[in-house]
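Written below as structure tokens is the structure these notes are about.
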Amino acid sequence: MQAHPAGEHAAQVAIAHGGSGMPTALVGMLLFIASEVMFFAGLFATYFNARATSPGEWGPPAGAHELDLPLAAVLTAILVASSFTMQFGVWAIRRGDIGKLRLWTAITLGLGVLFLSGQLYDYSVLGFGIGDGVFGTVFYTLTGFHGAHVFGGAVGLTIVLARAWRGQFSARNHVAVEAVSMYWHFVDVVWIGVFSVIYLLR
Amino acid sequence: MATTTLEPRTVAYRRSWVLDWLTTVDHKKIGVLYIVNSFMFFFAAGILALVIRSELAVPGLQFVDESTYNQAFTMHGTIMLFLFIIPALSGFANYIVPLMLGAPDMAFPRINALSFWLLPLGGGLIFSGYLFGGAAAEGWTGYAPLTSSQYSEGVGTDLWIIGLTLVGVASILGAVNFIATIFKMRAPGMTLFRMPIFVWTVLVTAVLILLATPVLAAGLIALFIDRNYGGSFFDPSVGGNPVLWQHIFWFFGHPEVYIVILPAMGVVSEILPVFSRKPLFGYKAFVFATIAIGLLSWSVWAHHMFTTGSVFLPFFSFMTALIAIPTGIKMFNWLATLWRGKLMLTTPMLFALGFISMFLIGGISGVMLASPPIDFHLQDTYFVVAHLHYVFFGGSVFGVFAATYYWFPKMTGRKLNEPLGKVHFWIHFIGFNLAFFPMHQLGLSGMPRRVADYSPDAGWTILNVASTIGAFMIAVSVIPLLINVVATFINGEPAGNDPWEGNTLEWATTSPPPPYNFDSLPPIHSERPLFFLTHGHGHAAARPEDLEEDPGDDVERRDGLV
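So this is what it looks like as structure tokens:
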């Protein structure tokens, strides 16, 4: 992680000492992400425990559709791509290019919304619910809480986009962009875990 | 340190006293809010304890029915742990840690305010079960399948889940704030190994909160889904697993034990050196012991689950016994600090000494319970109740009271009355032992916990009467504290900046400190910057041989480890 001149400056004004290294706001975001990692670790633990202890074949309840692997793979590609577009936006504002930041943030937000729409569509055609056996419970809890985090990230992106539109970021002052991008990358990484565990490790 | 005078000076705009406290983002006011809020929950949960002890004094059901009794012990445990001990210690940390670091505030003042205000909201929701057909009644551990909608109808358990989740979010945000503050807000010269021990214990505690509490949140959410949306995480009839709840709960719950005790250890480690007129013996050993306890706490959770038959006994027994090593190191830190010190038996010192002796008993009974053969015999008996109260009450709550008497002068500018404080301590100390020591014997002779009644033929009556008398003595001991606080506000002895001749930076500013904390900071060359400011190097020595050491090497000289 490289030092951010903008954050350093703000820290020095605010606390007059100790403002070297990573901006305090990013430290806070990283710590928050650490707690989120443990939250998902707890949910993954419920998934593995259910898979290990439930009798019979592991998967959707009898009579329901199989999981739609191609759709999930497309959604995975969309979310991974959105991590790249997010990072292009961060690199743009580090150069001071706020126009490119707006463009890449808007694309990232669009990809995030596309992912959520695809997930909701998937839910609507799966044919089983959260109450249909332990697979249904862990499937909807894990993907649902991930989706809620994507939604939270999309709210953050919307705020970044609105602030970028008002010209509030510069090469020196864009700690909110860095923080939201960290969170977005985290949400992306969690999805790779969810996708691998639920769809690939059958 | 250079200071800047603002010209023209900023003018505070006028607002009411109430609005000022409701909207404050000052870490000191938030700290006071934490402490006051915690003590209100302490009194509420204490009344529930009296209900429990009254019912248990003699065989038969005299005061409450079984359902009310179950609610009482569930609310007592939940509130005491999540809304008294943890927030009270967080409150002191909120007030003191930025001062000890020489910082003007916490890293995220507004998040700090949010962390606090979630507490009365969460606690109120947990308690509000009483208004909607009965509070949660499954015990503070909420074991499945007792918590399923089949066995716990009504919204009490749902309110317990929601309230605990909010309190958990508050803890997590607070932990983020503490860690960021400790890593980003230290004054010049305040290296990590010059931080006061209390700050170290808060740091390790915050890391445990940050990583353990989200796991509980995941479990609570899973439970909520089971109860309200037809989920089956913990329902074995459709593939779920009730033991999963115990894994999740105790994966959080055992680090939680250290979350509760480590800051109290920090408080004691600040108080003992000040009233022994010596530096803490083995500062670095204490720091590494604290870190070791934090690390080991992740590998011991299943010692709560020996009798489930689904955990590997030797591993968890061994890891649990290992924790006795860093804890034992701390015991020797404390004893060696006292050794040949010039002891001053003030009220905070008495509570600190009470902590050491009572926590020692709780620690030893903990090592006993870590042994599976003993645990199989004592699981869910009053021996466990005795053990956990010696740790939580004899340990953490003694720490909370020690902190109250020690830092009250800093927070208010007035010293609490010493004779009244000693009356508080002795009634409290005797009442505590009378209430909880007999429980060891009750447990050994087989009395189960979480029962409202027992047979008159069991031979448990005398010890239960003694325990109930002790519980009421603890309640009575709070009266001198309340009188003391009120009397001190009316006509207390002014404390001055540094009433105890302290070691750490909070005593370098006024009592109470200004909103920005410090006009100037003394040079920081050790973990006792204030001591060296007021006494210089020559008078720092408790032993003549200390004088012969190189005074320039002040970082390492204090503990003889080099």
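First to last, the protein sequences are chains F and B.
Numbered according to numbering that gives the first Met the number 0, the first sequence spans residues 0 to 201.
Numbered according to numbering that gives the first Met the number 0, the second sequence spans residues 0 to 561.
Even glycine gets a Cβ: it sits at the ideal position worked out from N, Cα and C.
Query: Backbone CA spacing between B/H524 and B/M189 [nearest angstrom]; Result: 8 angstroms
Query: Members of the stretch 211–234 of chain B that neighbour chain F once the beta carbon cut-off is set at 9 angstroms; Result: A211, T212, P213, V214, L215, A216, A217, G218, I220, A221, I224, D225, Y228, G229, G230, S231, F232 and D234
Query: Per-residue contacts from B/V198 into chain F (C-beta, under 9 angstroms); Result: In chain order: nothing, as chain F lies at least about 14 angstroms away.
Query: Close-in-space but distant-in-sequence residues of the same chain around B/V422 (CB under 6 angstroms, 5 per side omitted); Result: P479
Query: Residues from the stretch 170–197 of chain B in contact with chain F, defined by Cβ distance under 9 angstroms; Result: I171, L172, A174, V175, N176, I178, A179, T180, F182, K183, M184, R185, A186, P187 and M189
Query: Interface partners of B/H247 on chain F, CB under 8 angstroms; Result: According to the sequence shown, residue 247 of chain B is Ile rather than His. Neighbours of B/I247 on chain F, chain order: G41, A44 and T45.
Query: Rounded straight-line distance, which links the Cα of B/F375 to that of B/A205; Result: 33 angstroms
Query: Residue from B/K329, B/V256 and B/G327 whose Cα sits closest to the Cα of B/W568; Result: This structure leaves residue 568 of chain B out entirely; chain B is present only between 0 and 561.
Query: Where B/P97 falls: helix, strand or coil (DSSP); Result: helix
Query: B/P455 - DSSP class collapsed to helix/strand/coil; Result: helix
Query: Counterpart residues of B/T380 in DSSP-defined beta bridges; Result: B/P447
Query: Which of helix, strand or coil DSSP assigns to B/A539; Result: Low per-residue confidence applies at B/A539: pLDDT is 43, beneath 50, and the placement is therefore not dependable, though the value from the model is reported in the following sentence. In this structure, B/A539 counts as helix in the three-state DSSP scheme.
Query: Segment limits, alpha helix (DSSP H) that includes B/E152; Result: Here B/E152 belongs to no alpha helix (DSSP H), and DSSP marks it neither H nor E.
Query: Near-chain B residues of the stretch 120–135 of chain F (beta-carbon distance less than 9 angstroms), N- to C-terminal order; Result: G128, I129, G130, D131, G132, V133, F134 and G135
Query: B/P437: CB within 6 angstroms of a non-hydrogen atom of the ligand NAP; Result: This structure simply doesn't include the ligand NAP, nor any ligand for that matter.
Query: Coarse secondary structure for B/D558, derived from DSSP in three states; Result: In this prediction, B/D558 has a pLDDT of 42, which is less than 50 and means its spatial position is unreliable; what the coordinates show is noted afterwards. It is coil, neither helix nor strand.
Query: Pair within 7 angstroms by beta-carbon distance, B/L130 and B/E137; Result: no
Query: For B/R413, three-class secondary structure by DSSP; Result: strand
Query: Same chain, Cβ closer than 6 angstroms to B/F517, neighbours up to 5 away in sequence not counted; Result: T508
Query: Where the alpha helix (DSSP H) through B/T289 begins and ends; Result: Y282 to L295
Query: Beta-carbon proximity list for B/L349, same chain, < 7 angstroms, skipping 5 on both sides; Result: K421 and F424
Query: Own chain, CB closer than 6 angstroms to B/I360, minus 5 neighbours either side, in chain order; Result: Y389
Query: Helix, strand or coil at B/E505 according to DSSP, with G and I counted as helix; Result: helix
Query: B/G76: first and last residue of the uninterrupted alpha helix (DSSP H) it sits in; Result: E65 to I78
Query: Burial state of F/L68, where buried means 16 or more other Cβ atoms lie within 10 Å; Result: exposed
Query: Environment of B/K283 [buried if 16+ CB atoms lie within 10 Å]; Result: exposed
Query: Supposed close pair B/A143, B/P241 - CB separation, criterion 8 angstroms; Result: 4 angstroms
Query: Contacts that B/V237 makes with chain A (C-beta to C-beta distance below 7 angstroms); Result: Given the protein chain composition of this structure (F and B), no chain A is represented.
Query: Proximity test, Cβ basis, 7 angstroms: F/G27 and chain B; Result: yes
Query: Minimum Cβ-Cβ distance from F/T23 to chain B less than 7 angstroms; Result: yes
Query: Best match in F/G143, F/L29 and F/A24 for proximity to F/F43 [C-alpha to C-alpha]; Result: F/G143
Query: Counted within 10 angstroms of its Cβ, other Cβ atoms place B/Q70 as buried (16 or more) or exposed; Result: buried
Query: Local conformation of B/P493 per DSSP, three classes; Result: strand
Query: Nonlocal neighbours in the same chain, by C-beta distance under 8 angstroms from B/L529, ignoring five residues either side; Result: D497, G501, N502, T503, L504, W506, A507 and P521
Query: Reduced DSSP secondary structure (H/G/I, E/B, other) of F/A178; Result: helix
Query: 8 angstroms CB neighbourhood of F/S169 in its chain, flanking five on each side removed; Result: A5, I92, G95 and I97
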